[in-house]
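Residue numbers (my numbering), protein chains in the order written: chain L, 175 to 587; chain C, 175 to 587. No residue lacks a Cβ here, since even glycine has one placed at the ideal position from N, Cα and C. For reference, the structure discussed in these notes is given below.
Protein chains: 2
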Amino acid sequence: MAYMDIKGMSLKLAEKKLSIASTEDKNFALKKVSDSINYNRKEILQENAKDVANARKSKMKEGLIDRLKLDDNRIDAIIEGIDTVIKLPDPIWRSDKVWTLENGLTISKMTVPIGVIGIVYESRPNVTVDAFSLALKSGNCILLRGSSSAINSNLALVKAIKEGLRESNIPENVIEFIEDTDREHVKEMLNATKYLDLIIPRGGRDLINYVIQNSSVPTLQTGEGNCHIYVDESGDLGKALNIVLNAKTQRVGVCNACETLLVHKNVADKFLPKLYDAINDKVELRGDNLVRNIIDAREASEEDWAEEFLDYILAVKVVDSVDEAIEHINKYGTKHSEAIITESLTNARKFQREVDASTVYVNASTRFTDGFEFGFGAEMGISTQKIHARGPVGLDQLVTNKYLVVGDGQIRK
Amino acid sequence: MAYMDIKGMSLKLAEKKLSIASTEDKNFALKKVSDSINYNRKEILQENAKDVANARKSKMKEGLIDRLKLDDNRIDAIIEGIDTVIKLPDPIWRSDKVWTLENGLTISKMTVPIGVIGIVYESRPNVTVDAFSLALKSGNCILLRGSSSAINSNLALVKAIKEGLRESNIPENVIEFIEDTDREHVKEMLNATKYLDLIIPRGGRDLINYVIQNSSVPTLQTGEGNCHIYVDESGDLGKALNIVLNAKTQRVGVCNACETLLVHKNVADKFLPKLYDAINDKVELRGDNLVRNIIDAREASEEDWAEEFLDYILAVKVVDSVDEAIEHINKYGTKHSEAIITESLTNARKFQREVDASTVYVNASTRFTDGFEFGFGAEMGISTQKIHARGPVGLDQLVTNKYLVVGDGQIRK
């Protein structure tokens, strides 16, 4: 039997049982998994140390090694993450829509699990546990394919998860892991329509594009964020400065950080020098000619408008109107998070209606686009596609629906 | 410029304007389109006659010619279809979820159009207008690719639609049609991720599979239905017989017709002879050995359990329990529509929870799975996938969401 068939059939055997498991059983299983990770802490750290040593040997960048590395604090955070998911409401077998037809049939639209979800992800080993606990709570089986650089850490984590599940009423094969790092298996996974209902890629742009281009299983595109802040003519410049500083510098390597600033021409003279004074010592500014007439900045190239820097770099452009700002954003943005700083109700409304993005802010930092900040409790990523789920993907987005129709003999005329 | 770029850029130019169009403007445009189809009736029928003549020449089956053929009644039905869509509530810029975070940010989850939807479809020319009117009302631009056998009819209909739009405030390039029947353009369309947000294939199994296998644009899988009715031990056999007759014979060529009947062993002796008497003169029965011990039937092959006959054929099997019925359905079904006939609350609940399908019935015909019957007013097809929308796809399923976040200077800590 092919490798993917073994994994797929194992998951399929667990699928129905997990889909109808009680919240009590799911929470108990998650508790057992969190205990098991705690109990296996030493082994997990030892296996992680092997990955880190291999990464050093192959000259991996320190930033990436930091993402790969586990320590006691990070294991604690992983365990806390599971406890958070335990406390979240079960998203399954709920309805907010029940209606009755003229012929007496009653229809209830119920939430049900999606089925089996595949995750293809890069270095961070905590994703292994985060993705598993969200999948389990939402009644979905999960097939994981991590990067080869984290293989020892991931294997140790999956072993601990399965050990925990064996002490619960949830079958241990609700989670399967592709332990063979052969890249062929990714291709097989992307075409395993027989076993997988959805694939979520988590990682850099190349990984995401590869998965989307090559998958015949439906995919959920997450991550890329070229986010803008537009400071309108009527904007409160004090608020604007705080918000730009926060969105650009509070954390630079994240998808909801600000990458381009747009400033209305009538406030550019006043706002840009303030910005320069506050930010120039740590952020490289790249501006168009109008910006460079006011402050010292490198010249922005056409590519800069489209770039997700994930770094201490900010592209800055002066615009004539809210319409030009909207046009620029819809042309270069990645439909993630966009903000306007304004006191004009008309411009706020126009910006929120016409900018095409998952989340559109008025007078707030783009950094809030996040499952935790939104109050979803946890997230599987932030969707930048329009199909299925858009924006932060929490438990409520990891479901599909089933219509229950109850009658007493109705036939169609 | 490549063919698909011309079409794609034309649609993109119309996208924002349509996405924020008022309900009034959209309804007025639909009315103008319906007037224009009425006004161009003669030309549409003449062009359709060419398609029918070509189909006859190439020996198309009469059943397919019937689907292709338009007449005055069918044009009337197309016009009525538009009027129905005009009367439906606008699904855009609505919210059933608004909440406020501890920091004072207010988040509203709003419905917005998906963007540009591609439809790849087979012979019926009415799909051209149905798909257009649903797309327009839900604020989505549409790219149509019909079959070459209906090319003259479709071109005449699209011409009439565009003529109608020119008298409205909605740009005529909200609809584009691939008038060149070169199959290469389908491939280009399936990879036009730059222009298309979603592709919906409408037609036979081969077309749907081809689109799903080859599209890097997200797809919505519609149509295939291998639907079952299970007559439980406790079922009311009078109701059961009515329901089976209705679901099998009221219309055989549709996806929500019943293809396999499962009967509990304890009622098989009593129920199967009734069924035989009622149905045998017009429906070919294919049974397992237990069935054939009771009534005269052809032997069912393994393939018969998986087949969507779309014909006067019914596969029949005797099962030991509701569990065996559920297992059979989850193995052979297409997750479309499934029914149990029972008076047992426990078995009804078990069947509805454990059968994996878009719609699960208790004591009613599977034929009700339909956007009109469900009260959605119209439909773009019935989704058999779990991602984005499952079951009938009406206006409310042709949307995505945008989170509006309003604050007064909030930054992330």
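Not one beta carbon of chain L lies nearer than 8 Å to the beta carbon of residue 268 of chain C. Using beta-carbon distances, residue 548 of chain C counts as an interface residue toward chain L, with a partner under 8 Å. For the C-beta of residue 371 of chain C, the chain L residues within less than 9 Å are, from N- to C-terminus, 559, 560, 561. At a cut-off of 8 Å, the C-beta of residue 542 of chain L has a neighbouring C-beta in chain C. By the 16-neighbour rule on beta-carbons within 10 angstroms, residue 545 of chain L is buried. Residue 350 of chain L and residue 344 of chain L have their C-alpha atoms roughly 14 Å apart. For residue 584 of chain C, the enclosing beta strand (DSSP E) has its first and last residue at 573-584. Residues of chain L whose Cβ lies closer than 7 Å to the Cβ of residue 582 of chain C are, in chain order, 537. In the structure shown, residue 543 of chain C adopts coil according to DSSP, grouped into three states. Rounded to the nearest angstrom, the gap between the Cα atoms of residue 339 of chain C and residue 398 of chain C is 34 Å. Under the 8 Å criterion on CB atoms, residue 528 of chain L is classed as interfacial with respect to chain C. Annotation for residue 515 of chain C: the continuous beta strand (DSSP E) segment containing it runs 511-515.
A check of alpha carbon separations from residue 223 of chain L across L/291, L/254, L/325 identifies L/325 as the nearest. In the three-state DSSP reduction, residue 243 of chain C falls in the coil class, being neither helix nor strand.
Exposure of residue 475 of chain L is indicated by the presence of fewer than 16 other C-beta atoms within 10 angstroms of its C-beta. In the three-state scheme derived from DSSP, where H, G and I count as helix and E and B as strand, residue 230 of chain L is classed as helix.
When Cβ pairs closer than 8 Å are counted between the two stretches, the region 509-518 of chain L is seen to touch the region 407-414 of chain L, the count reaching three or more. Taking the beta carbon of residue 385 of chain L as reference, no residue of chain C falls within 8 Å; the closest one sits roughly 10 Å away.
Residue 479 of chain L carries a helical assignment under DSSP once its states are collapsed to helix, strand and coil.
Residue 284 of chain L has its alpha-carbon roughly 5 Å from the corresponding atom of residue 268 of chain L. Residue 494 of chain C and residue 441 of chain C have their C-alpha atoms roughly 11 Å apart.
Between residue 400 of chain C and residue 508 of chain C, the CB-CB gap stays under 8 Å. Burial state of residue 250 of chain L is exposed, judged by a 10 Å Cβ sphere holding fewer than 16 other Cβ atoms. Within chain L, 548 have C-beta atoms less than 7 Å from the C-beta of residue 281 of chain C, given in sequence order. Per DSSP, residue 425 of chain L lies in no beta strand (DSSP E) and is assigned neither H nor E. Contact annotation: residue 309 of chain C and residue 214 of chain C have beta-carbon atoms that are not nearer than 8 Å.
For residue 351 of chain C, the enclosing beta strand (DSSP E) stretches over residues 349-351. Of the candidates L/439, L/456, L/446, L/456 places its Cα closest to the Cα of residue 424 of chain L.
Within the region 391-410 of chain L, the residues whose Cβ lies closer than 9 Å to some Cβ of chain C are 392, 393, 394, 395, 410, listed in chain order. The beta-carbon distance between residue 503 of chain C and residue 376 of chain C, rounded to whole angstroms, is 25 Å. This is too long to meet the 8 Å contact definition. By the C-beta density criterion, residue 187 of chain C is exposed, having fewer than 16 other C-beta atoms within 10 angstroms.
Residue 342 of chain L sits buried, since 16 or more C-beta atoms from the chains shown fall within 10 Å of its C-beta.
Your pair residue 227 of chain C and residue 239 of chain C does not check out as a contact, with CB atoms roughly 10 Å apart and the cut at 8 Å. Beta-carbon to beta-carbon, residue 319 of chain L and residue 541 of chain C are separated by about 42 Å, too far to satisfy the 8 Å threshold. Counting along the chain, residue 447 of chain C sits inside the alpha helix (DSSP H) bounded by residues 439-453. Among the CB atoms of chain L, one or more fall inside 8 Å of the CB of residue 576 of chain C.
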